[in-house]
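Visitor: Protein sequence lines, in the order shown, are assigned to chains B and X. For the first sequence, counting from 1, position 158 maps to 158 in our numbering; every step adds exactly one. For the second sequence, counting from 1, position 49 maps to 49 in our numbering; every step adds exactly one. I'd like to ask you about the structure that follows.
2 protein chains.
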Amino acid sequence: MAGLREQWRRTAMRTIQERALDLFDERGFGAVTIEEIATAAEVSPSSVYRYFGTKEGLLVADEFDTMSAATLGELLDPADPVGSLVEVVRRYESPKDGPSDAQGDGRAEVGTAGPWRRVRYFFTEPSVRSAALAAMDRAAVRIAPLLEAGGTVDAAQARVLAHALTFGYFAALETWHDDGGTRPIADYVTEGLAPLRRVWSV
Amino acid sequence: MAGLREQWRRTAMRTIQERALDLFDERGFGAVTIEEIATAAEVSPSSVYRYFGTKEGLLVADEFDTMSAATLGELLDPADPVGSLVEVVRRYESPKDGPSDAQGDGRAEVGTAGPWRRVRYFFTEPSVRSAALAAMDRAAVRIAPLLEAGGTVDAAQARVLAHALTFGYFAALETWHDDGGTRPIADYVTEGLAPLRRVWSV
DNA sequence: GGGTTTTCGGAGAGTCACTGTCAGAACGCG
DNA sequence: CGCGTTCTGACAGTGACTCTCCGAAAACCC
């Protein structure tokens, strides 16, 4: 099913991202060129653009972008979107893949390993932050119709609430980052978005 | 008080923006270079960058960015931020400066004149949209501490709610734009953000 | 398994947004 | 009018990003 091409494409993308992260961590985002990343990953600069579109795209690869509408619909409960969001975060933030104790030294720290390694740049590099905001916006556009299907709000309100959810998540993520990334992200989302729950309470 | 320099700077900025809008409307955002804008406005490209930073900055000149914290504090009521936002929009959207009937033909249309002329590009040019999102984000960062001072939420929640407000406004603005821009923006904000009011209701 | 089609990565050239630096000019002030 | 400050324009440079073309390898068909 997964052809050779598709398979190689995935591994290539992962290695490109890892090499890029290595270079970014070493010398800073701005001081690394696409050409250097391409050389380090043993691909052409063209491929980096084909895969990720922009330099920021190397860090902001939105999982929601590739997620089908059906899958998204399963995850999100229109009656309790905040709860659904927390659940998604909690599931994605599994101990194995999460940032906690990735090096076995008993300490969790932002940017050491796991899928959250890249998140650090969301809040330190302005251009990356902007790209992350754009990703949140795209997610909101896809979530809005699902909220509308819930029934209690119209299309315009669903659009507003979808943005409130995704960017509220972003804000919670920043608080998590500012805190040093030790406690689970899901906790920050739960606490930070608590006031928003009132919107959907009877 | 306003020295000659400051005065000339302001008029220069306005003419640059107007020339830029003219060119954008005529040939599209992507097809116009900074150099062409500079030539049309009879300034150097350096000045364009000095004034606006980026090409998108020509369209996304955020009023909140230049607004002092004190002024912002006066406008925003922590007990009813949604109402404050509606009030600010209503005041800014005065009939004279607004998009309504600017040509005296009895029709209001998006992008014909007034301060809302540039808003059209927020929702048609991806890079401009991204810049607008970044401006909303900056506004949220400034608003958050004011919400916290209200007393009912902590810092993390204030950050979430500030983002919910600013990006909710953005969403309402898009609905307004999609509708053709005939009805007042304040109406869209009022209706779109209505569910968010529940957050602050007793 | 051989021939055809389709797809995809690499190479190269080109555009343009954006960043510095620097010298000169205009302004503000005494 | 003279002096220090501030702003402007000119210039060169960097690098992100786009576009096009070509060869190779995978996918498809028999």
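Glycine is no exception: its CB is placed at the ideal position from the N, C-alpha and C atoms.
Among B:Leu-193, B:Phe-24, B:Thr-66 and B:Val-88, which residue has its Cα nearest to the Cα of Glu-174 (chain B)?
Guide: Among B:Leu-193, B:Phe-24, B:Thr-66 and B:Val-88, the Cα nearest to that of Glu-174 (chain B) is on B:Leu-193.
Visitor: With a cut-off of 8 Å on the beta carbons, I'd call Glu-148 (chain X) and Ala-155 (chain X) a contact; round off their distance for me.
Guide: Rounded, the Cβ-Cβ distance is 5 Å, consistent with contact.
Visitor: May I ask you to report which of helix, strand or coil DSSP gives Arg-183 (chain B)?
Guide: DSSP places Arg-183 (chain B) in coil when its eight states are reduced to three.
Visitor: Put Gly-154 (chain B) into one of helix, strand or coil per three-state DSSP.
Guide: Residue identity differs from the one stated: residue 154 (chain B) is Asp in this sequence, not Gly. Looking at Asp-154 (chain B) - three-state DSSP - the assignment turns out to be coil, as it is neither helix nor strand.
Visitor: If we ignore side chains and look at the alpha-carbon of each, how far apart do Ser-84 (chain X) and Asp-77 (chain X) end up?
Guide: Each residue's alpha carbon lies about 6 Å from the other.
Visitor: What number of angstroms, rounded off, separates the C-alpha of Ile-143 (chain X) from the C-alpha of Arg-159 (chain X)?
Guide: Whole-angstrom Cα-Cα distance: 8 Å.
Visitor: Which whole runs of the alpha helix (DSSP H) in the segment 27-110 of chain B are 4 residues long or more, in chain order?
Guide: For the segment 27-110 of chain B, whole alpha helix (DSSP H) runs of length 4 or above, ordered along the chain, are 34-41, 45-52, 63-66, 69-75 and 81-92.
Visitor: State the Cα-Cα distance for the pair Arg-120 (chain B) and Trp-200 (chain X), rounded to the nearest angstrom.
Guide: Their Cα atoms are separated by approximately 32 Å.
Visitor: If you follow the alpha helix (DSSP H) that Arg-197 (chain B) is in, where does it begin and where does it stop?
Guide: Where Arg-197 (chain B) is concerned, the enclosing alpha helix (DSSP H) stretches over 194-197.
Visitor: Please list the partners that Thr-175 (chain X) has in chain B, where partner means a Cβ-to-Cβ separation under 7 Å.
Guide: Simply Ala-156 and Arg-159.
Visitor: Consider the Cβ of Pro-78 (chain B): report whether some Cβ of chain X lies at a distance smaller than 9 Å.
Guide: Chain X, which has no Cβ nearer than 9 Å to the Cβ of Pro-78 (chain B), makes this no.
Visitor: Compare the C-beta of Val-86 (chain X) with all C-beta atoms of chain B and state if any pair is closer than 9 Å.
Guide: So, not an interface residue.
Visitor: Here's the rule: buried if 16 or more other CB atoms are within 10 angstroms of the residue's CB, otherwise exposed. What is Met-67 (chain B)?
Guide: Under this definition Met-67 (chain B) is an exposed residue.
Visitor: Measure the C-alpha to C-alpha separation of Arg-91 (chain X) and Val-60 (chain B) and round it to an integer number of angstroms.
Guide: Straight-line Cα distance between these residues: approximately 38 Å.
Visitor: Using 8 Å as the threshold, is the segment 181-193 of chain X in touch with the segment 159-171 of chain X, meaning 3 or more CB pairs across them?
Guide: Counting Cβ pairs under 8 Å, three or more are found: they touch.
Visitor: For chain B, check one thing: does any of its Cβ atoms lie closer than 9 Å to the Cβ of Val-60 (chain X)?
Guide: By this cut-off, Val-60 (chain X) is not an interface position.
Visitor: Whose CA, out of B:Gln-157, B:Pro-145, B:Leu-196 and B:Ala-164, lies closest to the CA of Ala-69 (chain B)?
Guide: Selected option, being the one with the closest Cα: B:Pro-145.
Visitor: Check each candidate in X:Gly-180, X:Ala-131, X:Ser-44 and X:Ser-127 and name the one with the smallest Cα separation from Gly-30 (chain X).
Guide: Of the candidates X:Gly-180, X:Ala-131, X:Ser-44 and X:Ser-127, the one whose C-alpha sits nearest the C-alpha of Gly-30 (chain X) is X:Ser-127.
Visitor: Look at the Cβ atom of Ala-134 (chain X), then the Cβ atom of Arg-129 (chain B), and state whether they are nearer than 9 Å.
Guide: Yes, the pair counts as a contact, with Cβ atoms nearer than the cut-off.
Visitor: Check the Cβ of Val-153 (chain B) against every Cβ in chain X and list those closer than 7 Å, keeping chain order.
Guide: Going along chain X in sequence order, the residues near Val-153 (chain B) (Cβ under 7 Å) are Pro-195.
Visitor: Taking only the alpha-carbon atoms, compute the straight-line gap between Gly-181 (chain B) and Gln-157 (chain X) and give it to the nearest angstrom.
Guide: In a straight line, the C-alpha of Gly-181 (chain B) is about 17 Å away from that of Gln-157 (chain X).
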